[in-house]
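Taken in order, these protein sequences are the chains called A and B. According to my numbering, the stretch in the first sequence is residues 1 to 336, in order. According to my numbering, the stretch in the second sequence is residues 1001 to 1336, in order. Backbone N, C-alpha and C define an ideal beta-carbon position, used for all residues, glycine too.
Number of protein chains: 2
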Amino acid sequence: MPTLVKALLNGDRLALSRLLSQVENDTKEGRKALEALFVHTGRAHLIGVTGAPGVGKSSLVNQLVQHLRKNSEKKIAIIAVDPTSPFSGGAVLGDRVRMRDLSGDEGVFIRSMASRGNLGGLAYGTAALTQVFDAAGFDMIFIETVGAGQAEVDIARLAHTTIVVEAPGMGDDIQAIKAGILEIADILVINKADRPGIEHTEKALRGMLELAHPISKQFLHHGRTEKLRMSNKPIISEDGWITCIQKTNSKDGSGVPELTEKIREHSIYLNKSGDRLTRDRNRLETEIDIMIQNTLNKEFRAKLPEEKFEQVLEKVIGRKLSPWEAVRQLINGRNP
Amino acid sequence: MPTLVKALLNGDRLALSRLLSQVENDTKEGRKALEALFVHTGRAHLIGVTGAPGVGKSSLVNQLVQHLRKNSEKKIAIIAVDPTSPFSGGAVLGDRVRMRDLSGDEGVFIRSMASRGNLGGLAYGTAALTQVFDAAGFDMIFIETVGAGQAEVDIARLAHTTIVVEAPGMGDDIQAIKAGILEIADILVINKADRPGIEHTEKALRGMLELAHPISKQFLHHGRTEKLRMSNKPIISEDGWITCIQKTNSKDGSGVPELTEKIREHSIYLNKSGDRLTRDRNRLETEIDIMIQNTLNKEFRAKLPEEKFEQVLEKVIGRKLSPWEAVRQLINGRNP
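Spelled out as C-alpha cells, the structure:
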C-alpha cells in the first residue's frame, strides 16, 4: 500500500491534502491511491448543495457546518465546485470567507475545484474527491455546485441528499429554468427569508413542487393535503421521500437547526427504506459500465489502423457512406 | 428505398411530416429512413438559437424567418426544443403564435420537440430531425432551445452558427450563468432593445465578451480595438470568427435585417475558412465513435452471463473489490 494512502488512513491531514491534489490532477499515483482506498469507502453521507449564484449557498453551508460541529463530533468535508462560470472566481472568494469562519477546526476540511474542464470530467473528478474524504473517515461531505446545468444534475446523482437553494427576488422569467433543478431536490431551501418577496417565492415554489409531486392526489383520502404541504415537515409517501421546504436566513442562522434536522431525517429515511443501497448500487453499476465501454473502445482503437478509420470517415464526410454502414464495416473488418 | 423516403426526396410535405414523427419516436422505419437519407444530407445551414425563457426567442425567429422568406427563395425549417422545463408548455404556446405568422407559407416548416426524455437523447433526436429536413432540401434549419444547460451546449455543437439571445432586465446575479453560454455564441443578440437597462446589459455583455475573447490584445497594434468592438461588425481575427453583438426588437422588427446579414456573413466565413468542414468532420467522427462504443458494449454484454456481472457488482457494492479490478476481471474473463 502506498505510504500516502497509509498516512491518510491514519488521519494525516497533509497526506489527505496531497492525495486530493493527485486525484484532482488525475495522476498515476492518484489513480493507484483511489483504487487502494476504495475498500475503505461507502460510509460517508454525501450531501449536494446547489442553486444559482447569489442565493447564498456558501454562507448557508458555513452555517450548517458550524451548527453541526457545535452539536456533534462528526468530521465534515466541503467540496466547492464552480463549473458554470469560466470567468468568476466564485469558489476562491467563497473560500476566503470560509477560512475565517471555519479555520482552526480540525474536524472540517474545505477543498475547492474551480475546474474549467469538460463537465463529464467534472462529475468524475468530484466523485473521486468524495472517495478520498470518505476513506479518510469524514462522516459528512458537502458538495457545493453553482447553477442548474447538466453538471449539477450529474453531481446530484452522486449525492445521497440533494439540497436546492433558492432566494426571493429573482424574476418569474427564470422560474422555468429552476423547474428542471427542482426535480433533483430532496430538500428545498429558501434562503434570505428576511427579504421582501419571500411569500411570493414560497408560493411559486410550492406550486411547482405540487406539479412535480402532486401530494394532493396521494393524500386526498386523508383529507389533510393542505396541512401536509404547508407544515414543511418531510413527507414519506408510498412513492418515497417527498421534497420538503425549509426557510433559512444565513445572516442570523435562523432555520439552520431545522435544516440540519431535515438532513438527519433524510439520512434515516435513506437507510430505513433501502434507498441508500439502491443509489449506491446504481452509481457503481453505471461507473463500471462506463469503464467497460472505455476499455473496450481503447482496445478496439488500438488494434484498428488509424488510416483505416480515416478512410471510412472520409467516405462518411463525402456522404458516400452512412455512419451506420461505416460502423458495421469497421467492426466486422476488425482483427480477431 | 422505402416509399416514404422517395416521396420526401420528391418534396412531399406529408411524407416529411410522417418521417419526422418516425424519427422522433426512434422507430425501426425511422432508423432505416435516416440511413437511406444520409447521402442526401450535408447541404443545409444549421442555425442554433438559444437563451433564457422570456428573452423573446420565438418572436425573433419568426421575424427572422419572415424577413428571409421575403428576400429569398430559401426553404426554412424551425425545430423548437424545450428541454429545461418539465412543466411548461412553452414550445406548444410559441407554436400557436408561429402558426399565425408563418402558416400558409409552403417554404416554411415548423416542428416542436417538447421532450422530457434524457438530455443526451434530446441532442441525438434533434440531430436526427435536422438530417430529415436537410435531405428534404431545406436550405436553413433553425434549432431553437431554451436555457443554458448541457443540452443547449450539445445542440450548439450540432449547429454551424449559434445565436445566443439576451434581454435587458435580468438581474446581475444570473450573469454568471450566462457566462458559460456566451462561450458558444457566434452572434450575440440583445433583444427587446427598447427596454430600459439596455445600455447596462450591453456594457455587461461586452465586458464578458472581452474577457472571453480579448480583442484588445489581438488588435492592439492596430490601435482600433475600441472601434472594432463597438462597431458591432463581425471581426475575423487570426483565431477565427469573434462573437459579434446585434441589438434587435422583435416587436417592430428593427435589427432583424442586420441580424440576417450577420448570419449570412458567418455562413460565408464558415465556407471560406474551412471551419464548416472541420465542424462537420468533428461531429461525424464523434458520432461514429459513440456508435462504435455502443456496439462494442452491446456485443460484450450479450456474451457476458448476467449472473457473472451481478456477482462482481455485489463484491464492489460490498467494498470487497474495486471497480477497476472488477472491470479487469470481467474483460479478461470474457469468452473469445
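For L1330/B, the residues of chain A that pass the 7 Å Cβ criterion are I292, in the order they occur in the chain. Shown in chain order are the members of the region 1028-1047 of chain B whose Cβ falls below 7 Å from a Cβ of chain A: E1035, F1038, V1039, T1041 and G1042. Rounded to the nearest whole angstrom, the CA to CA distance from K1298/B to V1327/B is 16 Å. The straight-line gap separating the alpha-carbon atoms of L1205/B and M1140/B is approximately 28 Å. A buried status is given to A1128/B, since no fewer than 16 other beta-carbon atoms sit within 10 Å of its beta-carbon. Within chain B, the C-beta atoms nearer than 7 Å to that of D280/A come from I1317, in chain order. Per DSSP, reduced to three states, the secondary structure at F309/A is helical. Distance from the Cα of W324/A is smallest, within the candidate group R1283/B, M1291/B, V1023/B and H1045/B, for M1291/B. The region 157-166 of chain A makes no contact with the region 25-43 of chain A, as fewer than three CB pairs between them are under 8 Å. The Cβ neighbour count for I236/A, taken over all protein chains shown within 10 Å, is under 16; the residue is labelled exposed.
For G30/A, the uninterrupted alpha helix (DSSP H) run begins and ends at K28 to L37, by DSSP.
Rounded to whole angstroms, the separation of the alpha carbons of A136/A and I198/A is 40 Å.
When only Cα atoms are considered, P1305/B and G56/A end up about 50 Å apart.
Taking 9 Å as the threshold, the shortest C-beta distance from L1009/B to chain A does not fall below it. The beta carbon of L1321/B sits closer than 6 Å to those of K1315, all from its chain and outside the five residues before and after it, given in chain order. Interface annotation, N297/A: in contact with chain B, CB-CB separation under 9 Å. Just measuring C-alpha positions, the residue of N1025/B, E1024/B, L1046/B and L1019/B sitting nearest A1033/B is L1019/B. Among the residues facing chain B, A136/A is not included, as its CB has no counterpart in that chain under 9 Å away. Per the C-alpha coordinates, the member of V1146/B, H1067/B, V1081/B and E1183/B positioned closest to R1264/B is H1067/B.
Scanning its chain for C-beta atoms nearer than 8 Å, with the 5 sequence neighbours on each side dropped, one finds around E106/A the residues R13, in chain order. The Cβ of K1320/B sits closer than 9 Å to at least one Cβ of chain A. With fewer than 16 other Cβ atoms inside 10 Å of its own Cβ, R195/A counts as exposed. In terms of CA proximity to C1244/B, T1260/B leads the group G1253/B, S1254/B, T1260/B and K1251/B. Residue contact check for L1019/B against chain A: no CB pair falls below 9 Å. Around the beta-carbon of S103/A, fewer than 16 other beta-carbon atoms lie within 10 Å, marking it exposed. Rounded to the nearest whole angstrom, the C-alpha separation of E1287/B and N294/A is 15 Å.
Looking from the CA of G1125/B, the closest CA among T1162/B, A1080/B, V1164/B and V1165/B belongs to A1080/B. In this structure, the beta-carbon distance from L1330/B to V1312/B falls below 9 Å. Nearest CB-CB separation between E1073/B and chain A: not below the 9 Å threshold. Against chain B, the CB of F109/A has no partner CB under 9 Å away; the residue lies outside that interface.
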